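Protein chains: 2
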Amino acid sequence: MNGLPIGVFDSGVGGLTVLRALRAGLPDETFVYLGDTARLPYGTKSPETIARYARQCAGRLVERGIKLLVVACNTASAVAIDDLRAHLPGIPVLGVVEPGAMAAVAASTSGRIAVIGTESTIRGGAYTRAILGRRADATVVGRACPLFVALAEEGWTDGEIPTAVARAYLDDLLTDVDTLVLGCTHFPLLHGVIAAVAGPRLAIVDSAQTTATAVATLLERTGLRAGGAPSAVTVAATPTPEDLARIRLLATDGRDRFARVGSRFLGVDLRPEAVEVVDL
Amino acid sequence: MNGLPIGVFDSGVGGLTVLRALRAGLPDETFVYLGDTARLPYGTKSPETIARYARQCAGRLVERGIKLLVVACNTASAVAIDDLRAHLPGIPVLGVVEPGAMAAVAASTSGRIAVIGTESTIRGGAYTRAILGRRADATVVGRACPLFVALAEEGWTDGEIPTAVARAYLDDLLTDVDTLVLGCTHFPLLHGVIAAVAGPRLAIVDSAQTTATAVATLLERTGLRAGGAPSAVTVAATPTPEDLARIRLLATDGRDRFARVGSRFLGVDLRPEAVEVVDL
Numbered sequence: 014m015n016g017l018p019i020g021v022f023d024s025g026v027g028g029l030t031v032l033r034a035l036r037a038g039l040p041d042e043t044f045v046y047l048g049d050t051a052r053l054p055y056g057t058k059s060p061e062t063i064a065r066y067a068r069q070c071a072g073r074l075v076e077r078g079i080k081l082l083v084v085a086c087n088t089a090s091a092v093a094i095d096d097l098r099a100h101l102p103g104i105p106v107l108g109v110v111e112p113g114a115m116a117a118v119a120a121s122t123s124g125r126i127a128v129i130g131t132e133s134t135i136r137g138g139a140y141t142r143a144i145l146g147r148r149a150d151a152t153v154v155g156r157a158c159p160l161f162v163a164l165a166e167e168g169w170t171d172g173e174i175p176t177a178v179a180r181a182y183l184d185d186l187l188t189d190v191d192t193l194v195l196g197c198t199h200f201p202l203l204h205g206v207i208a209a210v211a212g213p214r215l216a217i218v219d220s221a222q223t224t225a226t227a228v229a230t231l232l233e234r235t236g237l238r239a240g241g242a243p244s245a246v247t248v249a250a251t252p253t254p255e256d257l258a259r260i261r262l263l264a265t266d267g268r269d270r271f272a273r274v275g276s277r278f279l280g281v282d283l284r285p286e287a288v289e290v291v292d293l
Numbered sequence: 014m015n016g017l018p019i020g021v022f023d024s025g026v027g028g029l030t031v032l033r034a035l036r037a038g039l040p041d042e043t044f045v046y047l048g049d050t051a052r053l054p055y056g057t058k059s060p061e062t063i064a065r066y067a068r069q070c071a072g073r074l075v076e077r078g079i080k081l082l083v084v085a086c087n088t089a090s091a092v093a094i095d096d097l098r099a100h101l102p103g104i105p106v107l108g109v110v111e112p113g114a115m116a117a118v119a120a121s122t123s124g125r126i127a128v129i130g131t132e133s134t135i136r137g138g139a140y141t142r143a144i145l146g147r148r149a150d151a152t153v154v155g156r157a158c159p160l161f162v163a164l165a166e167e168g169w170t171d172g173e174i175p176t177a178v179a180r181a182y183l184d185d186l187l188t189d190v191d192t193l194v195l196g197c198t199h200f201p202l203l204h205g206v207i208a209a210v211a212g213p214r215l216a217i218v219d220s221a222q223t224t225a226t227a228v229a230t231l232l233e234r235t236g237l238r239a240g241g242a243p244s245a246v247t248v249a250a251t252p253t254p255e256d257l258a259r260i261r262l263l264a265t266d267g268r269d270r271f272a273r274v275g276s277r278f279l280g281v282d283l284r285p286e287a288v289e290v291v292d293l
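Chain order of the listed sequences is B and W.
Each residue of the first sequence is one higher than the last, beginning at 14 in the working numbering.
Each residue of the second sequence is one higher than the last, beginning at 14 in the working numbering.
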């Protein structure tokens, strides 16, 4: 069981930032990642449809044999975690929202926290509920930052344009908070620009990084860790091509684009042949 | 028959720029618009799936009674026009690619033409084929400009950020062409910024506008025009709220977002209640 891979799914390539953090923090583990690129985006779909898609993604990963499931998709984490846990009684399931909310509450002194994400994540309010569930007197302000998604996918992650976009989204949002949650798996690619605009006084919570930390803790607690000495979760370093041997990549459509855009998200050059197309 | 509406469909709100041009140019006509928002984007899906979705959209519009069908979606225009014509023998079908390509060939002196669109439109090469089919010695250069889509949906259509993005996409693309085709229904919203970056020496072909002109010509030719004297197609003016009485709007999901973002595309304030949600 401990030798089985960790399963990770997302609606597309965004979750590869979570996989990158997992890979960096858990050097003894292997991974199988599924991007449901044929049916993205999940955010515009109904909760019932999202739950059904999430079950199908999880089911395909379980067929391959996994010991733990990471839902690296904010929309599916917000909508389908309970349903997935009910459907997968033998397998621990972790989303990205809970670890991000926990880290935000831990990081914030004032309890005034900003969350940025896609339109559907912000409108759905999952981070707000999760933060208030841990600190009832917190004040959470949210803002949808869809241009950040487009910038990350385009690979425009520093310089004049991303900085101007970050200012437009963040300048007035951040006047009265001490913590900013990157509530979208695309946003870690813009961490540098966002941090520069936010300034040094703000704590930035990267939900990819906090999810990797939560997975490490869960593996220890459940005794599911793969062999080797326990290792601290480190900041994601640049993966080497050898790391790809530890990672199996599945997508439901478009492996050329998955490889091209995904290379930036995973931080290693992917060839299209490294991506297996599966039908759900 | 002549009193029936013109049917228009798109994968989302983008086609509302085509509807806006149609409405302005054809003041005696009525329209029924379907945005397949539940299943967007089409561009990442297989040709078979796109053709199936297009048949379903067209079928729903035909059920409502239409005299002519406009495919206001570049992806479906490129992939599914022939299939739709075969399935709808009694109804003229027009896409956005052919009118845009015709107008580009008419506008270009040098035969050197640039096309901008979404990644899937540019990769698919439909504009290039349509232009070369009309002028075999043309040189067509294409560039995907996905940030333009995000900017249009966000309503950031002038000022520093859109101008910087337009420069980044266009400066080197436009050095040796005399015509630029806006090959995405989102791009007319950025016409001012694009024209300013392109400079006065370039002809800009707006495929929404050219599609409206082609529809007017087709209505005359087929005798399908609604009552009243023939009217020249004019540049889209700002529609009045009364114009909404001539327009019926359907969407497959998310009428709040459809109304909010669609207001900018159609150029008139839409309330969510004006949007009927249909299931395909």
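Even glycine gets a Cβ: it sits at the ideal position worked out from N, Cα and C.
None of the values given here were measured: they were computed from a predicted structure.
8 Å Cβ cutoff, residue i in contact with chain B
i: residue 248 of chain W; result: Confidence is the limiting factor: at residue 248 of chain W the pLDDT is only 48, short of 50, which leaves the residue's position unreliable and the question unanswerable from this model.
i: residue 173 of chain W; result: yes
i: residue 26 of chain W; result: no
i: residue 165 of chain W; result: no
i: residue 160 of chain W; result: yes
i: residue 181 of chain W; result: yes
i: residue 51 of chain W; result: yes
i: residue 266 of chain W; result: yes
CB contact check: residue i to chain W, cutoff 8 Å
i: residue 279 of chain B; result: no
i: residue 207 of chain B; result: no
i: residue 170 of chain B; result: no
i: residue 137 of chain B; result: no
i: residue 290 of chain B; result: no
i: residue 58 of chain B; result: yes
i: residue 85 of chain B; result: no
i: residue 178 of chain B; result: yes
Per-residue DSSP class, three states only, for residue i
i: residue 210 of chain W; result: helix
i: residue 268 of chain W; result: helix
i: residue 219 of chain B; result: strand
i: residue 249 of chain B; result: Here the model assigns residue 249 of chain B a pLDDT of 48, short of 50, so the residue's position is not dependable and the matter cannot be decided.
i: residue 238 of chain B; result: coil
i: residue 20 of chain W; result: strand
i: residue 187 of chain W; result: coil
i: residue 273 of chain W; result: helix
i: residue 284 of chain B; result: coil
i: residue 261 of chain B; result: strand
i: residue 15 of chain W; result: coil
i: residue 170 of chain B; result: coil
i: residue 199 of chain W; result: coil
i: residue 232 of chain W; result: helix
i: residue 279 of chain B; result: helix
i: residue 331 of chain W; result: With chain W represented from 14 up to 293, any question about residue 331 of chain W goes unanswered, as that position is not in the structure.
i: residue 149 of chain W; result: coil
First and last residue of the uninterrupted beta strand (DSSP E) at residue i
i: residue 335 of chain W; result: Any question about residue 335 of chain W goes unanswered here, given that chain W covers just 14 to 293.
i: residue 157 of chain W; result: 152-157
i: residue 289 of chain B; result: 288-290
i: residue 194 of chain W; result: 192-195
Opening and closing residue of the alpha helix (DSSP H) in which residue i lies
i: residue 178 of chain W; result: 173-183
Any non-hydrogen atom of the ligand SAH closer than 7 Å to residue i Cβ
i: residue 147 of chain W; result: Absence of the ligand SAH from the depicted structure is noted, as is the absence of any ligand whatsoever, leaving it without description.
Only counting runs of 3 or more residues, tell me where the beta strand (DSSP E) segments fall wholly within the segment 22-85 of chain B, in order along the chain.
-> 44-48 and 81-84
Which ranges does the beta strand (DSSP E) cover as unbroken runs of at least 3 residues, wholly within the segment 96-146 of chain B, from first to last along the chain?
-> 106-108 and 125-130
Should the segment 188-202 of chain W be called in touch with the segment 117-132 of chain W, which here means at least 3 C-beta pairs below 8 Å?
-> yes
Stretch-stretch touch, CB-based, cutoff 8 Å, three pairs: the segment 57-77 of chain B with the segment 97-104 of chain B | yes
Would the segment 176-186 of chain B and the segment 166-176 of chain W be scored as touching if the rule is three or more Cβ pairs under 8 Å?
-> yes
Are three or more beta carbon pairs between the segment 222-239 of chain W and the segment 41-59 of chain W nearer than 8 Å?
-> yes
So, do the segment 53-66 of chain W and the segment 272-283 of chain B have three or more beta carbon pairs nearer to each other than 8 Å?
-> no
Determine, using beta-carbon pairs with one atom in the segment 130-137 of chain B and one in the segment 140-156 of chain W, whether at least three such pairs fall under 8 Å.
-> no
Does the count of Cβ pairs from the segment 217-224 of chain B and the segment 105-120 of chain B closer than 8 Å reach three?
-> yes
Between the segment 74-92 of chain W and the segment 149-168 of chain W, do three or more beta carbon pairs fall short of 8 Å?
-> no
Three or more C-beta pairs below 8 Å linking the segment 79-94 of chain B and the segment 114-121 of chain B = no
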